[in-house]
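As you go down the protein sequences, you meet chains A and B in turn. Using my numbering, you'd call the opening residue of the first sequence number 1 and step up by one each time. Using my numbering, you'd call the opening residue of the second sequence number 1001 and step up by one each time. Yeah, the Cβ is synthetic: ideal placement off N, Cα and C, and Gly gets one too. This one's a predicted model, so the numbers in the text were calculated from it and none came from an experiment. Scroll down for the structure; my scribbles are underneath it.
2 protein chains.
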Amino acid sequence: MSDNTDKHPPGPRSCPIPIAQYPHVMAAHGGGGKLMHELVRRMFVATLKSPELEAEHDGAVLPVSPGRLAFTTDSFVISPLFFPGGDIGSLAVHGTVNDLAMCGARPYVLSAGFILEEGLPMEDLWRIVCSLRDAALEAGVRVVTGDTKVVERGKGDGVFINTSGIGLIDHDLRIGPTSIRGGDVIVLSGDIGRHGIAVMAVRSGLEFERPVTSDSASVAGIVAELLAAGLEIHCMRDLTRGGLSSALVEIAHKARRAVHIEEKQIVVMPEVRGACEMLGFDPLYVANEGRFVVILPAAQAERALAIIRRHPHGRDARIIGTAVADERPIVTMTSRIGTRRMIDMLSGEQLPRIC
Amino acid sequence: MSDNTDKHPPGPRSCPIPIAQYPHVMAAHGGGGKLMHELVRRMFVATLKSPELEAEHDGAVLPVSPGRLAFTTDSFVISPLFFPGGDIGSLAVHGTVNDLAMCGARPYVLSAGFILEEGLPMEDLWRIVCSLRDAALEAGVRVVTGDTKVVERGKGDGVFINTSGIGLIDHDLRIGPTSIRGGDVIVLSGDIGRHGIAVMAVRSGLEFERPVTSDSASVAGIVAELLAAGLEIHCMRDLTRGGLSSALVEIAHKARRAVHIEEKQIVVMPEVRGACEMLGFDPLYVANEGRFVVILPAAQAERALAIIRRHPHGRDARIIGTAVADERPIVTMTSRIGTRRMIDMLSGEQLPRIC
């Protein structure tokens, strides 16, 4: 963790709970007494550092300007806790920050609620809290309120994290499926399938020549630039559980419009494609944690593309399709060989506990 | 559940997921596909009913006036899920609504994040969601955004719920320990220890002649009246894990003032006292979920008391002590027989998974 702490000197530089004395999380760390207060103060408050957390009140009190705000919540139960490209701590920030961004909001504050399983190595918790802090700093959002619970062994799985977030909306756009118009184009911000495959590879012991890392990242910076450019964004959606296809099917249903996409415009890393073939997955349904679609008037698509591509997480952005008015709310895809097929929502479970 | 649904005709009147087909929660209910969308739409959106939930966007977009807001989060892992006087659903609303109230805020909106264990009876989930809805309606707050995850058997415990909340602050008071002044009095809103004992009784198979029910309730209505009366509230704190004593010790530390309380002013139901003696607990340390202390100038204490006592949950309100300036930040109590002792924070774990 020295890299992280070097970047952010204010917090503790090594695990602030004495490991020799408390190598693992114990039931009493959630009991409301001295041990819990020590854990909260030394592990969470000292590391996540914000004036609101330091007040240690029942909640954070925040100033707010008139207008609209976005509010979202996500619980993270990913297994394993650590994976190539991230861990449950960074993921818990990215997931919620991205949900705020998809509402067209600038992430303002986060809450963090930890459900710890008795026996969790204290060092693992420390790594996760540091990673959560770093992801929050990078996304420009601060953790202002939190909660810690401990459950017995076998009643949890290491750690689950809930983050909820408030974002500020300082424009007048109504961003959502019902704002989509016929002729709008669909821009996808990058290659797909990396998060799901990175996690599955760890679980199944799969090895790659060039390792697949999760795409887990905040897209709030990209979205802020799209908004600042004055683009008339009609809808955005990040591609998490259920992948690109489930996101598009949901959008088509809510928008009551058909969506057509072109397979050849959808970028998939060769390693991801290979792993999908081996494991029997379709990349269209595999989870992502740093990819989104933005739907806007065709005339503005190239400008949007240029903005997204300037970002490291947006280098592979492409226009992948269009929304069509006056048709049934279905999603169709023209394949590489020119055939057309309907894309449906995932029918069962593909990758459990991917986020 | 017929009572609940009769009160609120808009939602489904019986479990909206076909029990014959899906008697239990399955992994696929969290997989991001069709089954999850059915569960979200039919169980959560249709029952909790709010325009924001119905939009099924990544987050809720809400109007807000200039000023201050309160933001808080709590994860609920109580075991058992159902207990005399409530269940995890109502508790998840009361806990978060009360945290907002303690900040002097009027509860505005809630999020609800469910972590379900595979195998949870669908009927139990339905009861819990109904109970959560009823508690939210009663507290005057609506659920505007949510999340559902499913973990494998043995990696969770039925259901964990995180609720986060936003409250609106429309006064200029700075409510918190640092606002406490020497000579302020401490008003306790009711009898203590019922929540912890009600839950422990179920766990240990203890039976009472007159059953002890949890005090779990929203205190937001009482707080709204205290604020509307123009009382100069310096600090409030609800008494959850760690009980009255832990709350007072925390306050004394943060306020850097001594707190003196009188044991004879603290109301404890005879059944609760008896159970505490039998189980070896001190009621001062037992969890509550509908009790709080309010600390304010002595001259206003009687008015506060009168307001609190008008509420069914505040009938046993008493002035229990005072804050003293220029002393060490400790809590002392004069016992029934006139001796004085120091009150410390709970040192370990007393009642695990009480909230």
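- Shortest alpha-carbon distance to Arg142/A belongs to which of Ser111/A, Met345/A and Leu351/A? Ser111/A
Next item on the list: Assign Ile308/A to one of two classes, buried (16 or more other C-beta atoms within 10 Å of its C-beta) or exposed (fewer than that).
Entry: buried
Less than 8 angstroms between CB atoms is the rule here; does Phe208/A satisfy it with respect to chain B? no
query: Just curious, the beta strand (DSSP E) that Gly321/A is in, first and last residue?
result: Arg318 to Val324
Checklist entry - Who pairs with Asn1162/B in a beta bridge, going by DSSP? => result According to DSSP, residue pairing for Asn1162/B in a beta bridge involves Ser1075/B and Gly1113/B.
Checklist entry - Along the segment 220-250 of chain A, what residues have a CB closer than 8 angstroms to any CB found in chain B? => result Arg237, Asp238, Thr240, Arg241, Gly242, Gly243, Ser246 and Glu250
What are the start and end residues of the alpha helix (DSSP H) that includes Ile356/A? The displayed coordinates of chain A run from 1 to 355. Any statement about residue 356/A would go beyond what the structure contains.
Cross-strand partners of Gly1067/B (DSSP beta bridge): Val64/A
For His253/A, which of helix, strand or coil comes out of DSSP? helix
Apply the 10 Å Cβ neighbour rule to Arg1194/B and answer buried if 16 or more other Cβ atoms are within range, or exposed otherwise.
buried
query: Enumerated in chain order, which unbroken segments of the alpha helix (DSSP H) with a length of 4 residues or greater are wholly contained in the segment 257-336 of chain A?
result: 270-279 and 301-309
Could you check what DSSP says for Asn1004/B in three-state terms: helix, strand or coil?
Note that Asn1004/B scores 38 on pLDDT, short of 50, meaning its location in the model is unreliable and no value can be drawn from it.
* Asked: Can at least three beta-carbon pairs, one atom from the segment 253-272 of chain A and one from the segment 329-337 of chain A, be found at a separation below 8 angstroms?
  -> yes
For this session: Tell me Leu206/A's beta-bridge partners as DSSP assigns them.
Result: Beta-bridge partners of Leu206/A (DSSP): none assigned.
One or two residues paired with His24/A in a DSSP bridge: Pro121/A
Quick check: Tyr1285/B and Met1122/B, are their CB atoms within less than 8 angstroms of each other?
no
Item checked: chain A residues whose Cβ lies nearer than 9 angstroms to that of Asp1157/B -> Val151, Glu152, Gly154, Lys155 and Gly156
Would you identify the three-state DSSP class for Asp1087/B, choosing helix, strand or coil? strand
* Asked: Would you say Arg1336/B faces chain A, with C-beta separation under 8 angstroms as the test?
  -> no
Problem set entry | Per-residue contacts from Pro80/A into chain B (C-beta, under 8 angstroms) | Within 8 angstroms Cβ-Cβ: nothing; Pro80/A doesn't reach chain B, min ~12 angstroms.
query = Of all the options Val1077/B, Asp1172/B, Glu1209/B and Val1268/B, which has the alpha carbon lying nearest to the alpha carbon of Ala1105/B?
reply = Asp1172/B
- Task: Return no unless some Cβ of chain B is closer than 8 angstroms to the Cβ of Leu62/A.
- Result: yes
Exercise. Which value, in whole angstroms, describes the spacing of the CA atoms of Asp1147/B and Leu1188/B?
Worked result: 36 angstroms
Close Cβ partners of Val1040/B (< 8 angstroms) along its chain, the five nearest in sequence each way excluded: Glu1056, Gly1146 and Thr1148
**OP:** Whole angstroms is fine: what's the gap from His1253/B's alpha carbon to Leu53/A's?
**Re:** Their Cα atoms are separated by approximately 16 angstroms.
Delimiting residues of the alpha helix (DSSP H) encompassing Met36/A: Lys34 to Glu38
*Can you pull the chain A residues whose beta carbon is under 8 angstroms from the beta carbon of Ala1255/B, in chain order?*
Around Ala1255/B, no beta-carbon contact reaches into chain A at under 8 angstroms, the shortest distance being about 12 angstroms.
query = Given a limit of 9 angstroms on CB to CB distance, which residues of the segment 1130-1147 of chain B reach chain A?
reply = Val1144, Thr1145, Gly1146 and Asp1147
- Compare the C-beta of His24/A against all C-beta atoms of chain B and say whether one is closer than 8 angstroms. Judged by the 8 angstroms Cβ criterion, His24/A is not in contact with chain B.
- Bridge partners - Phe1044/B, DSSP secondary structure assignment: Answer by DSSP bridge pairing: none, since Phe1044/B is not bridged.
- Item | Cut-off 8 angstroms between Cβ atoms - residues of its own chain near Ala1217/B, not counting five sequence neighbours on either side | His1094, Glu1289, Gly1290 and His1313
Report task. Check whether the Cβ of Gly31/A lies closer than 8 angstroms to any Cβ atom in chain B. Result -> yes
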